[in-house]
Amino acid sequence: AVPNIEIRNLSVCFETAQGPACAVNGLSTTFRAGRISGVIGESGSGKSVMGMSLLRLLPNTAKVTGECFFGAQELLTLPLRELRKLRGASIGLIPQNPNASLDPVMKIKKQITEAITTHGRLGKRAAEAEAAELLRQFGFDQPQSILGQYSFQMSGGMNQRLVSALGLACRPGWVIADEPTKGLDAVLRNQVYTVLRQIYTQHHSSMIVITHDLHLARQLCDDIRVLYMGQLIEQDTAGEVMERPRHPYTAGLIHSLPSRGMTPIPAPDPARLSHRGCPFYPRCSKAMERCGREAPGDFELPDGGKVRCFLYA
Ligand code: SF4
Ligand code: MG
Numbered sequence: 002a003v004p005n006i007e008i009r010n011l012s013v014c015f016e017t018a019q020g021p022a023c024a025v026n027g028l029s030t031t032f033r034a035g036r037i038s039g040v041i042g043e044s045g046s047g048k049s050v051m052g053m054s055l056l057r058l059l060p061n062t063a064k065v066t067g068e069c070f071f072g073a074q075e076l077l078t079l080p081l082r083e084l085r086k087l088r089g090a091s092i093g094l095i096p097q098n099p100n101a102s103l104d105p106v107m108k109i110k111k112q113i114t115e116a117i118t119t120h121g122r123l124g125k126r127a128a129e130a131e132a133a134e135l136l137r138q139f140g141f142d143q144p145q146s147i148l149g150q151y152s153f154q155m156s157g158g159m160n161q162r163l164v165s166a167l168g169l170a171c172r173p174g175w176v177i178a179d180e181p182t183k184g185l186d187a188v189l190r191n192q193v194y195t196v197l198r199q200i201y202t203q204h205h206s207s208m209i210v211i212t213h214d215l216h217l218a219r220q221l222c223d224d225i226r227v228l229y230m231g232q233l234i235e236q237d238t239a240g241e242v243m244e245r246p247r248h249p250y251t252a253g254l255i256h257s258l259p260s261r262g263m264t265p266i267p268a269p270d271p272a273r274l275s276h277r278g279c280p281f282y283p284r285c286s287k288a289m290e291r292c293g294r295e296a297p298g299d300f301e302l303p304d305g306g307k308v309r310c311f312l313y314a
């Protein structure tokens, strides 16, 4: 059976001129197999860094501590040789920056068929047919002509869908998708949503979908985790998070959607910046005196969700 992915007390820090800066800050959570879990938050909230640390794809300058279990295997300390066997085959990645992950001097066909044949699931012929089918699913009407080209001949939106196809090529049990709809128009966004749903239904793939596309998160995901400054501040079913957000930051994110009033989250109040309490304190309209002194822990909600805010203490 496909195992859960369990993160325990993960921190990822980088050394900067101003001292260490932590993109992920003591994060613990379990992504359950058989579900599509969304991770949302503004850019810089630590979503991608969390995803990349699972596959150890961060630059060497990142200081990573904590544990990430894939079943019984601890991903952060697994010998690289073992980790490479998992990458792609057991945990597929749809990376955020398509141009960095496509090979500019290798035809699309070779890249996708090699990904399919690497772990020995199919021979070359069958792999070529499957590559074409995968591209068709992702909205390419003429997959044969696309397969004969290079990534630099494609638009950004095409390459975004190509890396998605590439990430799913080995039919991994788990897929980590980092902003799979970034830069796509509404029609193509919808297409990506449909394919991910199909893949999930047909191959029972479990997924971690990192996105700031809240509509995608709502449509696609079973549950949603909200990150703010490297901390997990809210976690619940997708319906609860989108319809009844509890954390003031989550509520702010949702109310900033064009369809929900487009009210921006306030900028930090400079008078509140030097504090030791809740990370959202400088921007929070619901802040209480206590919030500037003390950091809240996780409070369980009656429906099984969790929120890191004193309003629910
Ligand atoms: Fe706002 Fe206080 Fe809740 Fe933090 S703990 S989100 S400052 S109300
Ligand atoms: Mg990101």
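Residue numbers (full-length UniProt numbering): 2 to 314.
Ideal Cβ placement from N, Cα and C applies to all residues, glycine included.
The model shown is predicted, which means the values in this text are computed figures rather than measured ones.
- In the DSSP assignment, residue 191 falls within the unbroken alpha helix (DSSP H) covering 187-204.
- Taking C-beta separations shorter than 8 Å and ignoring five residues to either side along the sequence, the partners of residue 270 in its chain run 283 and 284, following chain order.
- For residue 297, the shortest C-beta to heavy atom distance toward the ligand SF4 is below 7 Å.
- For a cut-off of 8 Å, the C-beta gap from residue 188 to residue 39 is around 21 Å, too long to register as a contact.
- The criterion of a C-beta distance shorter than 8 Å is not satisfied by residue 160 and residue 217.
- If you look at residue 236, you'll find it in the beta strand (DSSP E) that goes 232-238.
- With a cutoff of 8 Å on beta-carbon distance, residue 224 and residue 52 are scored as not near each other.
- Excluding residues up to 5 positions away in sequence, 97, 179 and 211 lie with their Cβ nearer than 7 Å to the Cβ of residue 49 in the same chain.
- The ligand SF4 approaches residue 287 closely enough that one of its heavy atoms is under 7 Å from the residue's Cβ.
- For the ligand SF4, a non-hydrogen atom lies closer than 7 Å to the CB of residue 249.
- Going by C-alpha positions, residue 198 is about 13 Å away from residue 165.
- Contact annotation: the segment 233-253 touches the segment 27-41, with at least three C-beta pairs closer than 8 Å.
- A distance criterion of 7 Å places the beta-carbon of residue 300 beyond contact range of the ligand SF4, judged by its closest non-hydrogen atom.
- About 14 Å separates the Cβ atoms of residue 249 and residue 300, ruling out a contact at the 8 Å cut-off.
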